[in-house]
Amino acid sequence: MKQRQNIKKILTINFGGLGDEILFLPTLNTLKKIYPNSNITLILEPRGRGIIDLTSLIDKVKVFNIKGKNKFIELFKLFLFMRFNNFDMVISSGSNKLIPFLLFLSGIKKRYGYKNGKFSQYLLTKAIDLNKKQYASNMYHNLLDDLTLIDKVPLPKIDIDVTNKEKFENSVLIHPGVSKISVEKGIIKIFGYEKWVQIIQKLLTIGKKVYLAGGPDDEKIIKQIIDNLPGDNPNFINMYGKTKNIKELAKLIMACDAIVCSDSAPMHIAVALNKKTIAIFGPTDEKKLIPQGNKNFIPITSKSTLCRPCLWDKRQVTCQSLECLNIDINEIIQKL
Numbered sequence: 003m004k005q006r007q008n009i010k011k012i013l014t015i016n017f018g019g020l021g022d023e024i025l026f027l028p029t030l031n032t033l034k035k036i037y038p039n040s041n042i043t044l045i046l047e048p049r050g051r052g053i054i055d056l057t058s059l060i061d062k063v064k065v066f067n068i069k070g071k072n073k074f075i076e077l078f079k080l081f082l083f084m085r086f087n088n089f090d091m092v093i094s095s096g097s098n099k100l101i102p103f104l105l106f107l108s109g110i111k112k113r114y115g116y117k118n119g120k121f122s123q124y125l126l127t128k129a130i131d132l133n134k135k136q137y138a139s140n141m142y143h144n145l146l147d148d149l150t151l152i153d154k155v156p157l158p159k160i161d162i163d164v165t166n167k168e169k170f171e172n173s174v175l176i177h178p179g180v181s182k183i184s185v186e187k188g189i190i191k192i193f194g195y196e197k198w199v200q201i202i203q204k205l206l207t208i209g210k211k212v213y214l215a216g217g218p219d220d221e222k223i224i225k226q227i228i229d230n231l232p233g234d235n236p237n238f239i240n241m242y243g244k245t246k247n248i249k250e251l252a253k254l255i256m257a258c259d260a261i262v263c264s265d266s267a268p269m270h271i272a273v274a275l276n277k278k279t280i281a282i283f284g285p286t287d288e289k290k291l292i293p294q295g296n297k298n299f300i301p302i303t304s305k306s307t308l309c310r311p312c313l314w315d316k317r318q319v320t321c322q323s324l325e326c327l328n329i330d331i332n333e334i335i336q337k338l
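Here the sequence shown stands for residues 3 to 338, where the numbers follow the numbering used here.
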C-alpha cells in the first residue's frame with residue numbers, strides 16, 4: 003500500500019438499495035485497512051439503511067432521500083452536510099455528471115469519483131474510469147485505485163452474531179421476493195408463485211426441509227405460495243413474518259444449508275455469508291451481480307433465449323415477453 007496521510011474523517015457516498023450497500027463493503031473494508039484510525043460515514047438512501055446492522059465498518063450513516071418527491075431539498079441538505087462537517091476525503095460511486103461539481107463545491111480536499119464528462123478530471127483529485135462490465139464489488143473498489151495497490155478485491159462480508167447459532171440440517175431456504183421499488187419501476191426479475199410451489203414440492207419429495215421467508219414487500223407472493231401448497235408437511239416451515247429485521251433474516255440464511263432466491267438483497271447477504279446460493283437471473287446480468295468461479299454461488303438462467311441480459315445496458319424496464327424467466331426448475335433441484 004502507498005504511504006498514508008493523516009486522514010481521519012472519510013465520507014463515502016453510495017446510493018442504491020441494500021444489495022448495493024453490501025456490494026460496496028469491500029471498498030469500505032479496504033479503506034479501513036488503509037486508514038485504520040479513520041472514521042467512516044456512509045451516505046445512502048432510506049432503502050439501504052439496513053446495512054448498518056450488518057457491518058462494523060461504518061461508524062455513521064446519513065440518509066438522504068434523493069429520489070423522493072423532495073429530491074432537490076434533499077440534495078441541498080446533502081451539500082450542506084458535506085460542506086460543514088470537515089471531512090478529509092470523499093469517495094462517491096455516483097455516475098451522474100453533476101457529481102464531480104458537487105464534490106468540488108463541498109470543499110473536501112481529497113475527492114474520488116468516476117470519470118464522467120470532461121470536467122471531472124479537473125474537479126476531482128482522481129477521476130477513475132468506470133468499468134461496468136465486471137462484478138459490481140470490483141467496480142466500486144476501482145474507486146480506490148489511486149490509494150492502494152491491492153489487486154485482489156475481497157468478497158463482501160457481513161458481521162452477525164454467531165453465538166449459539168442454529169443449524170438446520172438438510173435444509174433449503176426459499177426467498178421468492180424482490181424489492182418493491184423494482185415492481186414500481188416496471189422491472190420483473192422473477193417468475194410467479196406457480197414455479198415456486200413446484201420447487202418447494204420437489205424439494206420436499208427428495209427429503210429436504212424447506213423454509214420460506216420474505217419481507218413486507220413479499221406478502222402477496224408468500225400468500226399465493228402458501229395457498230397453493232397441498233396439505234400440511236412437517237418439513238415445510240413458513241418463516242414469513244418471523245424474521246423481524248434484516249439481521250434476523252441473515253441469521254436464518256446462515257442456519258440453512260442453501261438458499262434459492264432471485265437477484266435481490268437476500269442473494270447478496272447469502273454471498274456475504276459464503277452460503278450456497280442458487281440465484282435466479284432473468285433480465286439482469288449475473289456476471290455483474292454475483293461472484294464468478296465460486297462453486298458456492300450458482301446463477302440459474304434461461305437456456306431458451308439469447309436476448310438476455312438486457313436490463314440497464316439495453317433497456318430501463320423489463321420487456322413484455324419475459325422469455326428470460328423461462329427457467330427449468332429441474333436445474334435448480336439438480337444444483338442442490
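Glycine included, each C-beta is placed from N, C-alpha and C at the ideal position.
Using 10 angstroms around the beta-carbon of Asp-265, count the other beta-carbons present and answer buried if the total reaches 16, otherwise exposed.
-> The residue labelled residue 265 in the question sits at position 263 within the sequence shown. Buried, since its Cβ has 16 or more Cβ neighbours within 10 Å.
Return the first residue and the last residue of the beta strand (DSSP E) that Arg-51 is part of.
-> For this step, residue 51 is matched to residue 49 along the sequence shown. Careful: Arg-51 lies outside any beta strand (DSSP E) and carries neither H nor E.
By Cβ distance below 7 Å, which residues in the same chain neighbour Gln-5 in space, the five residues on each side in sequence not counted?
-> Locating residue 5 in the sequence shown gives position 3, where the first residue counts as 1. Bear in mind that the predicted position of Gln-5 carries a pLDDT of just 42, short of 50, making it unreliable; the figure below should be weighed with that in mind. None.
Would Ile-36 pass as a contact of Asp-90 if the rule is Cβ separation under 8 Å?
-> Along the sequence shown, one-based indexing puts residue 36 at 34. Along the sequence shown, one-based indexing puts residue 90 at 88. No.
Pull up the distance between the alpha-carbon of Asp-163 and that of Asn-8, whole angstroms please.
-> Residue 163 sits at position 161 when you count from the first residue of the sequence shown. Residue 8 sits at position 6 when you count from the first residue of the sequence shown. Between Asp-163 and Asn-8, the C-alpha separation is close to 33 Å.
If you draw a straight line from the C-alpha of Asp-234 to the C-alpha of Leu-25, how long is it?
-> As a first step, residue 234 is located in the sequence shown; it is residue number 232 there, counting from the start. As a first step, residue 25 is located in the sequence shown; it is residue number 23 there, counting from the start. Rounded to the nearest angstrom, the two C-alpha atoms are 39 Å apart.
Three-way DSSP call (helix, strand, coil) for Cys-263 in this model = Within the sequence shown, the letter at position 261 stands for residue 263. Residue state, collapsed to three classes: strand.
Leaving out the 5 sequence neighbours to the left and right, which residues in its chain are closer than 7 Å to Lys-225 when beta-carbon positions are compared?
-> For this step, residue 225 is matched to residue 223 along the sequence shown. Excluding sequence neighbours, Lys-225 sits near nothing in its chain.
Within 10 angstroms of its Cβ, does Asp-131 collect 16 or more other Cβ (buried), or is it exposed?
-> Looking up residue 131 in the sequence shown gives position 129. Exposed, because fewer than 16 other Cβ atoms sit within 10 Å of the Cβ of Asp-131.
Burial state of Met-3, where buried means 16 or more other Cβ atoms lie within 10 Å | Taking the first residue of the sequence shown as 1, we reach residue 3 at position 1. For Met-3, the pLDDT reaches just 48, beneath the cut-off of 50, and the residue's location in the model is therefore unreliable, although a value from the coordinates is still provided. Per the 10 Å Cβ criterion, exposed.
To the nearest angstrom, report how far apart Asp-259 and Ala-272 are at their CA atoms.
-> By one-based count along the sequence shown, residue 259 stands at place 257. By one-based count along the sequence shown, residue 272 stands at place 270. Each residue's alpha carbon lies about 11 Å from the other.
Other residues of its chain near Thr-32: CB distance less than 7 Å, five sequence neighbours each side excluded | One-based indexing of the sequence shown puts residue 32 at position 30. Around Thr-32: His-143, Leu-146, Thr-150 and Ile-152.
Phe-1: first and last residue of the uninterrupted alpha helix (DSSP H) it sits in = The requested residue 1 does not occur in the structure, where the chain is confined to residues 3 to 338.
Between Asn-332 and Ile-282, what straight-line distance do the alpha-carbon atoms span, to the nearest angstrom?
-> Within the sequence shown, the letter at position 330 stands for residue 332. Within the sequence shown, the letter at position 280 stands for residue 282. Cα-Cα distance, rounded: 13 Å.
Euclidean distance between Cα positions of Val-340 and Thr-279 | Any answer about residue 340 is impossible in this case: the structure gives the chain only from 3 up to 338.
Taking the alpha helix (DSSP H) that Leu-20 falls in, what are its first and last residues?
-> Here residue 20 refers to the residue found at position 18 of the sequence shown. First-last of the alpha helix (DSSP H) with Leu-20: 20 to 25.
Considering only residues of the same chain and omitting the five flanking positions on each side of Ser-304, which have a CB-CB separation below 7 Å?
-> Within the sequence shown, residue 304 is the residue found at index 302, counting from 1. Excluding positions up to five away in sequence, the list reads Arg-310, Glu-325, Cys-326, Leu-327, Asn-328 and Ile-329.
Over what stretch of residues does the alpha helix (DSSP H) that includes Asn-140 continue unbroken?
-> Taking the first residue of the sequence shown as 1, we reach residue 140 at position 138. Residues 138 to 143.
Expressed to the nearest angstrom, what Euclidean distance is found between the alpha-carbon atoms of Leu-157 and Met-269?
-> As a first step, residue 157 is located in the sequence shown; it is residue number 155 there, counting from the start. As a first step, residue 269 is located in the sequence shown; it is residue number 267 there, counting from the start. Rounded to the nearest angstrom, the two C-alpha atoms are 13 Å apart.
Which whole-angstrom value describes the C-beta separation of Leu-56 and Ile-248, a residue pair presumed to lie in contact below a C-beta threshold of 8 Å?
-> Within the sequence shown, the letter at position 54 stands for residue 56. Within the sequence shown, the letter at position 246 stands for residue 248. Yes, Leu-56 and Ile-248 are in contact; Cβ-Cβ is about 7 Å, under 8 Å.
With burial defined as no fewer than 16 other Cβ atoms inside 10 Å of the residue's Cβ, what is the status of Asn-16: buried or exposed?
-> Within the sequence shown, residue 16 is the residue found at index 14, counting from 1. Result: buried.
Distance between Ala-267 and Val-180 (C-alpha atoms, nearest Å) | Taking the first residue of the sequence shown as position 1, residue 180 is located at position 178. Taking the first residue of the sequence shown as position 1, residue 267 is located at position 265. Between Val-180 and Ala-267, the C-alpha separation is close to 8 Å.
Between Leu-125 and the rest of its own chain, which residues show a CB-CB distance below 8 Å, the 5 nearest in sequence each way excluded?
-> Taking the first residue of the sequence shown as position 1, residue 125 is located at position 123. Answer for Leu-125: Pro-102, Phe-103, Leu-105, Phe-106 and Arg-113, listed in chain order.
Those runs of the beta strand (DSSP E) which lie wholly inside the region 61 to 122 and span at least 3 residues = 62 to 65, 91 to 94 and 112 to 116
Looking only at its own chain, which residues have a Cβ that is under 8 Å from the Cβ of Ile-60, when we skip the five neighbours before and after it?
-> Locating residue 60 in the sequence shown gives position 58, where the first residue counts as 1. Excluding residues within five positions, the ones whose Cβ falls inside 8 Å are Leu-30, Ile-42, Thr-43, Leu-44, Ile-53 and Ile-54.
Opening and closing residue of the alpha helix (DSSP H) in which Thr-2 lies | The question about residue 2 has no answer, for the chain in this structure spans 3 to 338.
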